[in-house]
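What follows is a set of notes on a single structure, which appears directly below.
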Amino acid sequence: MESTIRGLAYVVGDAIDTDQIIPAEHLVFSLNKPDERRMYGRYAMSGVPVDQQGLPYGHIPFTDPDQYLSEFTFVIGGVNFGCGSSREHAPFAMTEAGAKVVIAESYARIFYRNTIDGGFVIPFESHEKINDQIRTRDELELDTRVGQLTNLTTGQEYLLKPLGDVADILNAGNVFEYARQNGLIGA
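My numbering puts the sequence shown at residues 992 to 1178.
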């Protein structure tokens, strides 16, 4: 896990579910074929609710049409991020799009576990509601060692909840690598 992560924010609301993160109709692509695998990046966050003009929350798509990588490094959400089905493809799709961090007030437990177990995006929790303080395309910097988030656009700083033992799993790469490195399963 990188000690400092810098990039642009993509801000969403509360209760973003796994079908909004990667809609079911896009689960037809193989995870083992690189040309198909990248399609998960193309369609990541494509089910996020739209406004009255039919534009995604924040008026900006997460991934531009016909692109596979997003310009956004951070996803900033509210409460119950990743609710809905136990779709493991959700954190995978965000990672495949190039996102590195999700910061939310709280997570659905299965999404949080899938994120950690697979070594996908880093799931930090905020102490307060920040998805109404940060704007899409604000430039952010995160010190992952202490959980210090700085909005470089506005100068605001936020201390996030510590990752605790989760940091060890993420530093290993995923739960299976962690188990191998710690002699919990065979090489």
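Think of the CB as a built atom: it goes at the ideal place given N, C-alpha and C, for glycine as much as any other residue.
Keep in mind it's a predicted model, so treat the numbers as computed, not measured.
Do residue i and residue j have their C-beta atoms closer together than 7 Å?
i        : j        : result
Ile-1067 : Val-1002 : yes
Gly-1089 : Gly-1004 : no
Ile-1113 : Leu-1161 : yes
Ala-1000 : Phe-1065 : yes
Phe-1063 : Ala-1035 : no
Gly-998  : Glu-1087 : no
Asn-1142 : Ala-1099 : no
Just to confirm the assignment, what range does the beta strand (DSSP E) spanning residue i have?
i       : result
Ile-996 : 995-1002
Determine the extent of the alpha helix (DSSP H) in which residue i is found, giving its start and end residues.
i        : result
Asp-1026 : 1025-1028
Ile-1012 : 1009-1012
Within its chain, find whatever has a CB closer than 8 Å to the CB of residue i; leave out the 5 residues flanking it on each side and keep chain order.
i        : result
Ala-1081 : Thr-1009, Ile-1012, Ile-1013, Gly-1073, Phe-1102 and Asn-1105
Gly-1138 : Phe-1115, Leu-1150, Leu-1151, Lys-1152, Pro-1153 and Leu-1154
His-1118 : Tyr-1149, Leu-1150, Leu-1151 and Lys-1152
Counting only the same chain and skipping the five closest in sequence on each side, list residues whose C-beta sits under 7 Å from that of residue i.
i        : result
Asp-1057 : none
Gln-1043 : With a pLDDT of 48 at Gln-1043, under the threshold of 50, the modelled position of that residue is not reliable, and no figure is offered here.
Arg-1136 : Ser-994
Asn-1165 : Asp-1108, Gly-1109 and Gly-1110
Excluding five sequence neighbours on each side, which residues of the same chain lie with their C-beta closer than 6 Å to the C-beta of residue i?
i        : result
Arg-1078 : Thr-1009
Leu-1172 : Before going on, a small fix: residue 1172 reads as Gln here, not Leu. Once the five neighbours on either side are set aside, the close Cβ partners of Gln-1172 are Ala-1163.
His-1017 : Tyr-1034
Gly-1075 : Asp-1008, Thr-1009 and Asp-1010
Ala-1176 : In the sequence on display, residue 1176 carries Ile and not Ala. Ala-1170.
Arg-1029 : Tyr-1059
Gly-1045 : For Gly-1045, the predicted model reports a pLDDT of 48, less than 50, meaning its position is unreliable and no value from the coordinates is stated.
Quick check on the DSSP output: what are the complete beta strand (DSSP E) runs of length 3 or more inside the segment 1115-1174, in order along the chain?
1130-1134, 1139-1142 and 1148-1150
Kindly confirm or deny that the segment 1156-1167 and the segment 1092-1102 touch, where touching means at least three C-beta pairs closer than 8 Å.
no
Run through the segment 1035-1115 for me and flag every whole alpha helix (DSSP H) of 4 or more residues, listed as ranges in chain order.
1080-1087 and 1100-1109
Do the segment 1126-1136 and the segment 1006-1024 make contact, defined as three or more Cβ pairs closer than 8 Å?
no
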